[in-house]
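Asks: Residue numbers (the working numbering): -5 to 555.
(1) Let me know the secondary structure DSSP gives residue 184 once reduced to three states.
(2) Measure the alpha-carbon distance for residue 406 versus residue 115 and round it to whole angstroms.
(3) Starting from the N-terminal side, write out each stretch of the alpha helix (DSSP H) that is 4 residues or longer and does not extend beyond the region 23 to 62.
(4) From the DSSP secondary-structure annotation, give me the bridge partner or partners of residue 111.
(5) Bridge partners of residue 267, per DSSP?
(6) Report yes or no: do three or more beta-carbon pairs, one from the region 154 to 174 and one from the region 272 to 288, lie closer than 8 Å?
(7) Assess contact between the region 303 to 311 and the region 226 to 238, defined as three or more Cβ pairs (one per stretch) separated by less than 8 Å. Is contact present?
(8) Quick check: the Cα distance between residue 422 and residue 444, rounded to an integer number of angstroms?
(9) Nearest to residue 284 by alpha carbon, out of 265, 552, 243, 34?
(10) Evaluate residue 113 with the Cβ neighbour count: other Cβ atoms within 10 Å of its Cβ, from every protein chain shown; 16 or more gives buried, anything less gives exposed.
(11) State the start and end residues of the unbroken alpha helix (DSSP H) segment that holds residue 247.
(12) With DSSP as the reference, please indicate the residues paired to residue 121 in a beta bridge.
(13) Going along the chain, which residues of its own chain have a beta-carbon closer than 6 Å to the beta-carbon of residue 480, five neighbours each way excluded?
(14) Check residue 128 in the structure and name its three-state DSSP category.
(15) Can you check which of these residues, 54, 140, 121, 263, is closest to residue 193 by C-alpha distance?
(16) So what's residue 294 in DSSP terms, helix, strand or just coil?
(17) With DSSP as the reference, label residue 220 as helix, strand or coil.
(18) Would DSSP call residue 281 helix, strand or coil?
(19) Provide the residue(s) that pair with residue 168 in DSSP beta bridges, ordered along the chain.
(20) Using a 10 Å radius around the Cβ and a threshold of 16 neighbouring Cβ atoms, would you call residue 554 buried or exposed?
(21) Using a threshold of 7 Å, state whether the C-beta atoms of residue 330 and residue 101 are closer than that.
(22) By how many angstroms is the C-alpha of residue 465 removed from the C-alpha of residue 140?
(23) Short of 6 Å in beta carbon distance, which residues of its chain neighbour residue 86, apart from the five on each side in sequence? Order them along the chain.
(24) Just list the residues that DSSP pairs residue 256 with in beta bridges.
(25) Along the alpha helix (DSSP H) that carries residue 421, what are the first and last residues, could you check?
(26) Just verifying my parser: in three-state terms, what is the DSSP assignment at residue 445?
(27) Around the Cβ of residue 45, are there at least 16 other Cβ atoms within 10 angstroms (buried) or fewer (exposed)?
(28) Take residue 296 and list the residues in its own chain whose beta-carbon comes closer than 6 Å to its own, dropping the five residues that flank it on each side.
(29) Count the other CB atoms within 10 Å of the CB of residue 337; is the residue buried (16 or more) or exposed (fewer)?
(30) With a threshold of 7 Å on Cβ separation, who are the neighbours of residue 168 within its own chain once the five nearest residues in sequence on each side are excluded?
(31) With DSSP collapsed to three states, give me the class of residue 239.
(32) May I ask you to report which of helix, strand or coil DSSP gives residue 202?
(33) Looking at C-alpha atoms only, which residue of 190, 26, 205, 499 is the closest neighbour of residue 236?
(34) Give me, in chain order, the residues of the same chain whose beta-carbon lies closer than 7 Å to that of residue 478; leave out the 5 immediate sequence neighbours on both sides.
(35) If we call anything under 7 Å between Cβ atoms a contact, is residue 97 one with residue 33?
(36) For residue 53 and residue 82, I'd like the C-alpha separation in whole angstroms.
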């Protein structure tokens, strides 16, 4: 930007005194980034505009000299003085400059470093079996569980949270994360369709939730179990013993009533019947839930008021000893275009004030109008040429000729760098050519020109694919998260985000740092117990992999516009 300022000073020459007060802070622009830098090319129009002003000024002087002695005829002419004339036009040019700078959306990235904070690890285990659709509570059991989550999660910003869903089997839906906003994305999608095997296996849910926590720690963690308690589980006693050994506190919330209610089939809207044709009645089983809570040092409570129960749950979690957790880190783009809009308005007002009492010459008006018309016509011609190249590139892409498609998209961007489809399709082409780093750059440019949320979501999704291919897993997870924020129903984006979170959890060195240097001799597992635990972990991993459609990497097709 200093270079642009230098060009402007050179062209103005002796009129620099008029410009300096407005461009004195020009060096500040060196510390500002532009979200839409392509608009800065319009500043090159300052050269022909300044040249036209000089030519017009010279023409005016020649006419005055032809009329006679300039000093004698000046009082007779209804023309402004030289200083006033130049000041007015410099104000107009400065208004143009500041308007262009505002269009380029200046600003700067502000790093938001989450400070270290004290908290605990909390895993939610939510029952999504069909019995949770019973309407013995308003509106039904599952919706009331969602309300508890929605009221509690915003108050857990100092903690890490995870999510397990269960019915006849349990699945880790979201590993531990400090990103509470991401956790809230999963709440709205909770439904019985998330788990294929129906039933209520409390022991399976508690084991998966416990394994999602740090089993080496004897504190700083809790499980929140939300269920109607209906279970026929022979392994519950051994599971409770495991939780006690690991120091895991369980807070149980029972949903339903002792009288119970029939279960409505969501597809037929009719009650579900048993083998004898009798309606199945689901009742709240408080006995098992009280046993779990009392044995692990937690509490049991019947869920009746999600808002009040959320407050009491947060208070109970605060009583658990806490550890230091690293806060999340993010960047925010701080827009600073407002100052340039204000300067542009001030310059226009100044030009209007300097023009007061003067009549614009008809020839000058026609010149401005003609310049605008020529500029608009040239933009339309450039846009049409760029769209033609994009269509040609699309044809090559569909035929699998990716190298030729890339050349067409690059030529289109040379014509008009603001074509969003060219940037987006160029990123897809780079991915097909196995150059994910170049694809990342193309998608980042496409984000600037996407016109609606659907296009932005598609760009974020493909950007996540490119970042993952480039082994930037954390950035890829954030890209899929941004896509989910725009289109929460995108299952491919949700699955990829979940898988990447799991990979990041595996690579995290935190658990290694938190492992105690020495363990008491009585806590060490013998070979047989270790083998059993490894076998359990292997089976749980297989169940999770089955749910995620046996994903060994991120999946889904590249999005298209």
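Every residue, glycine too, gets a C-beta built ideally from N, C-alpha and C.
Replies: In brief:
(1) For the purposes of this step, residue 184 is taken as the residue at position 190 of the chain shown. In the structure shown, residue 184 falls within a coil segment according to DSSP collapsed to helix, strand and coil.
(2) For this step, residue 406 is matched to residue 412 along the chain shown. For this step, residue 115 is matched to residue 121 along the chain shown. Residue 406 and residue 115 have their alpha carbons spaced roughly 51 Å apart.
(3) The DSSP assignment places complete alpha helix (DSSP H) segments of no fewer than 4 residues inside the region 23 to 62 at 40 to 61, in order along the chain.
(4) One-based indexing of the chain shown puts residue 111 at position 117. The bridge partners DSSP lists for residue 111 are 319.
(5) Within the chain shown, residue 267 is the residue found at index 273, counting from 1. DSSP output for residue 267 lists 273 as bridge partner(s).
(6) A contact between stretches requires three or more CB pairs, one per stretch, nearer than 8 Å, and the region 154 to 174 fails this requirement with the region 272 to 288.
(7) With the rule of 3 Cβ pairs closer than 8 Å, the region 303 to 311 does not count as touching the region 226 to 238.
(8) For the purposes of this step, residue 422 is identified with residue 428 of the chain shown, where counting begins at 1. For the purposes of this step, residue 444 is identified with residue 450 of the chain shown, where counting begins at 1. Answer to the nearest angstrom: the Cα atoms are 15 Å apart.
(9) Within the chain shown, the letter at position 290 stands for residue 284. Closest by alpha carbon: 243.
(10) In the chain shown, the residue the question calls residue 113 occupies position 119. Its Cβ being crowded by 16 or more others within 10 Å, residue 113 is buried.
(11) For this step, residue 247 is matched to residue 253 along the chain shown. Where residue 247 is concerned, there is no enclosing alpha helix (DSSP H), although the beta strand (DSSP E) it sits in stretches over 243 to 248.
(12) Taking the first residue of the chain shown as position 1, residue 121 is located at position 127. Paired residue(s): 160.
(13) Taking the chain shown and counting its residues from 1, the one referred to as residue 480 is at position 486. Result list for residue 480: 447, 450, 451, in chain order.
(14) On the chain shown, position 134 is the one that residue 128 refers to. Residue state, collapsed to three classes: coil.
(15) Mapped onto the chain shown, residue 193 falls at position 199. Ranked by Cα distance from residue 193, the options 54, 140, 121, 263 are led by 121.
(16) Walking along the chain shown from the start, residue 294 turns up at place 300. If DSSP states are grouped into helix, strand and coil, residue 294 belongs with the strands.
(17) As a first step, residue 220 is located in the chain shown; it is residue number 226 there, counting from the start. Correct three-state label for residue 220: strand.
(18) Taking the first residue of the chain shown as 1, we reach residue 281 at position 287. Helix, per DSSP.
(19) Counting from 1 along the chain shown, the entry for residue 168 is found at position 174. According to DSSP, which records beta bridges pairwise, residue 168 is partnered with 157.
(20) Here residue 554 refers to the residue found at position 560 when the chain shown is read from its first residue. Within 10 angstroms of the beta-carbon of residue 554 lie fewer than 16 other beta-carbons, which makes it exposed.
(21) Position 336 of the chain shown holds residue 330. Position 107 of the chain shown holds residue 101. Contact: yes.
(22) By one-based count along the chain shown, residue 140 stands at place 146. By one-based count along the chain shown, residue 465 stands at place 471. One C-alpha to the other measures close to 35 Å.
(23) As a working mapping, residue 86 is identified with position 92 in the chain shown. So the qualifying residues of the chain are 345.
(24) Here the question's residue 256 lines up with position 262 in the chain shown. Residue 256 is bridged to 275.
(25) Counted from its first residue, the chain shown places residue 421 at position 427. In the DSSP assignment, residue 421 falls within the unbroken alpha helix (DSSP H) covering 414 to 426.
(26) In the chain shown, residue 445 corresponds to position 451, counting from 1. Coil, per DSSP.
(27) In the chain shown, counting from the first residue as 1, residue 45 sits at position 51. Exposed, by the Cβ-count rule.
(28) Position 302 of the chain shown holds residue 296. Only 248 meet the Cβ criterion.
(29) Here the question's residue 337 lines up with position 343 in the chain shown. Buried: at least 16 other Cβ atoms inside 10 Å.
(30) As a first step, residue 168 is located in the chain shown; it is residue number 174 there, counting from the start. Hits under 7 Å: 156, 157, 177, 180, 492, 495.
(31) To locate residue 239, count along the chain shown from 1; it is residue 245. The three-state reading of DSSP puts residue 239 in helix, counting H, G and I together.
(32) As a working note, residue 202 is residue 208 in the chain shown. Three-state result, residue 202: helix.
(33) Looking up residue 236 in the chain shown gives position 242. For residue 236, the nearest C-alpha among the options comes from 205.
(34) Numbered from 1 along the chain shown, position 484 holds the residue referred to as residue 478. 179, 484, 487, 488, 491.
(35) For the purposes of this step, residue 97 is taken as the residue at position 103 of the chain shown. For the purposes of this step, residue 33 is taken as the residue at position 39 of the chain shown. A contact, by the Cβ cut-off of 7 Å.
(36) By one-based count along the chain shown, residue 53 stands at place 59. By one-based count along the chain shown, residue 82 stands at place 88. If I take the Cα positions, the gap works out to 18 Å.
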